[in-house]
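Participant:
Right under this line is the structure:
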């Protein structure tokens with residue numbers, strides 16, 4: 001039977017649509033550049049960052065619109081129910097039919113999203129001189145990511161429908177608990193299982209770097225024995241660093257491009273920032289908040305599906321409805337997620353200055369990262385509120401300067 005449309009779906013779709021249109025408007029018309037920004041960046045640097053970022057944002061928002069429009073049409077035109085019936089008849093049973101339905105929908109969405117992904121991660125990166133990948137290498141990465149996504153998603157669908165059938169009234173609780181455990185496992189395993197499928201990681205061997213890391217670790221009282229260097233240059237000229245993992249898999253990773261192009265005092269500022277995330281327990285806090293949000297979404301989904309999807313536990317078309325729900329709520333929830341992330345980044349910026357006591361290096365780092373990565377340092381306030389996981393560069397510079405004054 002076909003899923004029903006109700007007022008809650010209207011609110012979700014309309015709300016996400018309004019947010020998307022505002023994001024689109026302020027991407028195209030970002031407004032004037034704040035005077036504080038021009039203290040650190042030239043007008044030309046600001047404009048180049050805007051030009052690069054504008055296309056990335058347009059591709060992102062059109063990708064979300066395209067996926068949402070496809071799913072709404074697919075579900076409420078009756079195509080999802082028709083495909084569900086055909087899948088069960090062709091495969092000869094519910095579970096094999098569910099897998100066939102899942103595979104067909106997965107392929108449809110891959111095709112919808114592929115042009116956007118190809119443009120933003122390959123053609124646009126080559127246009128601006130960032131990508132060092134050949135087309136063949138890009139496709140290898142794309143296939144790897146797609147296979148991982150396909151296998152994990154297929155397993156998730158089977159588990160979810162098994163839970164629905166076994167516990168019709170409490171499956172949402174079991175699903176939320178299962179996904180929460182999976183989030184923990186994924187955070188633990190990603191650095192040692194998934195990341196090495198795409199990049200090579202080696203311990204830093206430069207004595208200046210290793211000595212600097214030990215010094216910072218002693219100041220922070222953290223058990224950081226080494227920093228890993230990632231062969232980012234095999235794919236990009238961009239510079240970055242990150243902190244990942246849980247327990248014994250926790251690690252700080254620096255792009256090799258960072259070490260090749262940045263002076264040691266700026267590399268030290270980067271390492272201190274990543275150590276600050278570790279010191280402040282940001283991954284653990286993020287996991288706790290993510291798990292809490294996960295439970296809230298699943299109980300909302302349970303109520304919504306019960307109201308709008310007939311024969312839920314034996315209806316493969318419910319998977320399309322679930323995908324639409326998470327697409328819309330993830331998009332609409334971006335401001336909250338990014339607000340939390342910005343707060344953590346600000347805290348890490350302050351703490352890193354306390355570790356290095358080198359404000360000038362931290363300021364130069366923010367400027368150099370923004371310029372070399374063509375960051376939009378003057379986003380419209382709405383774009384910053386909705387889509388920025390880090391504060392704009394000028395805001396971060398002010399943060400580290402204020403932190404330095406407080407030392």
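Numbering (the UniProt record's numbering), first residue to last: 1 to 407.
Idealized CB from N, CA, C, for every residue including glycine.
(1) Can you name, in chain order, every residue of its own chain whose Cβ lies under 7 Å from the Cβ of residue 160, other than the five neighbours on each side?
(2) Give every residue of the same chain whose Cβ lies closer than 6 Å to the Cβ of residue 295, excluding the five residues on either side of it in the sequence, and list them in chain order.
(3) According to DSSP, residue 252 sits in a beta bridge with which residue or residues?
(4) What residues match up with residue 203 in a beta bridge as DSSP calls it?
(5) Which residues in the same chain have their Cβ closer than 7 Å to the Cβ of residue 24, if we skip the five residues on either side of it in sequence?
(6) Could you tell me which of 221, 316, 223 and 260 sits nearest to residue 240, measuring between CA atoms?
(7) Considering just the uninterrupted stretch of the alpha helix (DSSP H) at residue 84, what are its terminal residues?
(8) Using CA atoms only, rank isn't needed, just tell me which of 262, 113 and 251 is closest to residue 279.
(9) Can you find at least 3 beta carbon pairs, one from the stretch 335-346 and one from the stretch 218-235, that sit closer than 8 Å?
(10) Can you tell me whether residue 90 is buried or exposed? The criterion is at least 16 other CB atoms within 10 Å of its CB, across all chains shown.
(11) My parser needs the alpha helix (DSSP H) runs of 4 or more residues fully inside the stretch 127-174; what are they?
(12) DSSP on residue 261, reduced to helix/strand/coil?
(13) Please report whether the beta-carbon of residue 384 lies at a distance below 8 Å from any beta-carbon of chain D.
(14) Buried or exposed, going by whether 16 or more other CB atoms sit within 10 Å of the CB of residue 166?
(15) May I ask you to list the residues that DSSP assigns as paired with residue 236?
(16) Using only the alpha-carbon positions, how far apart do residue 274 and residue 246 sit?
(17) Would you decide whether residue 349 is buried or exposed? Buried here means 16 or more other CB atoms lie within 10 Å of its CB.
(18) Hey, how far is the Cα of residue 301 from the Cα of residue 172?
(19) The alpha helix (DSSP H) spanning residue 282 covers which residue range?
(20) With burial defined as no fewer than 16 other Cβ atoms inside 10 Å of the residue's Cβ, what is the status of residue 334: buried or exposed?
(21) Kindly indicate which residue of 392, 359 and 362 has the alpha-carbon position closest to the one of residue 375.
(22) Residue 271 to residue 344, Cα distance in whole Å?
(23) Hey, residue 109 and residue 67: beta-carbon distance below 8 Å or not?
Facilitator: In brief:
(1) For this step, residue 160 is matched to residue 160 along the chain shown. So the qualifying residues of the chain are 175.
(2) For the purposes of this step, residue 295 is taken as residue 295 along the chain shown, with counting starting at 1. Counting only Cβ-Cβ distances below 6 Å, and skipping sequence neighbours, we find 176.
(3) Translated into positions along the chain shown, residue 252 becomes position 252. Answer is 243, bridged to residue 252.
(4) The residue labelled residue 203 in the question sits at position 203 within the chain shown. 228.
(5) The residue labelled residue 24 in the question sits at position 24 within the chain shown. Excluding sequence neighbours, residue 24 sits near 61.
(6) Sequence index remark: in the chain shown, residue 240 carries index 240 (1-based). Looking only at 221, 316, 223 and 260, the smallest Cα-Cα distance to residue 240 is reached by 260.
(7) What you label residue 84 is simply residue 84 of the chain shown in a count that begins at 1. First-last of the alpha helix (DSSP H) with residue 84: 79-91.
(8) Start at 1 with the first residue of the chain shown, and residue 279 comes out as number 279. Taking only the C-alpha atoms, the option nearest residue 279 is 251.
(9) At 8 Å Cβ cutoff, the stretches do not touch.
(10) Taking the chain shown and counting its residues from 1, one reaches residue 90 at position 90. Per the 10 Å Cβ criterion, exposed.
(11) 135-166
(12) Locating residue 261 in the chain shown gives position 261, where the first residue counts as 1. Looking at residue 261 - three-state DSSP - the assignment turns out to be helix.
(13) This model lacks chain D altogether; it includes just one protein chain.
(14) For the purposes of this step, residue 166 is taken as residue 166 along the chain shown, with counting starting at 1. Exposed.
(15) Counting from one through the chain shown, the residue named residue 236 turns up at place 236. Paired residues: 131.
(16) Within the chain shown, the letter at position 274 stands for residue 274. Within the chain shown, the letter at position 246 stands for residue 246. C-alpha separation (whole angstroms): 14 Å.
(17) One-based indexing of the chain shown puts residue 349 at position 349. With 16 or more Cβ atoms within 10 Å of its Cβ, residue 349 is classed as buried.
(18) By 1-based counting over the chain shown, the position of residue 301 is 301. By 1-based counting over the chain shown, the position of residue 172 is 172. Cα to Cα, the separation comes out at about 8 Å.
(19) Here the question's residue 282 lines up with position 282 in the chain shown. Element bounds for residue 282: 282-308.
(20) Taking the first residue of the chain shown as 1, we reach residue 334 at position 334. The residue is buried, with at least 16 neighbouring Cβ atoms inside 10 Å.
(21) Position 375 of the chain shown holds residue 375. Ranking 392, 359 and 362 by Cα distance to residue 375 puts 392 first.
(22) Along the chain shown, one-based indexing puts residue 271 at 271. Along the chain shown, one-based indexing puts residue 344 at 344. Taking the straight line joining both Cα atoms gives about 16 Å.
(23) Counting from 1 along the chain shown, the entry for residue 109 is found at position 109. Counting from 1 along the chain shown, the entry for residue 67 is found at position 67. Yes, the Cβ-Cβ distance between residue 109 and residue 67 is below 8 Å.
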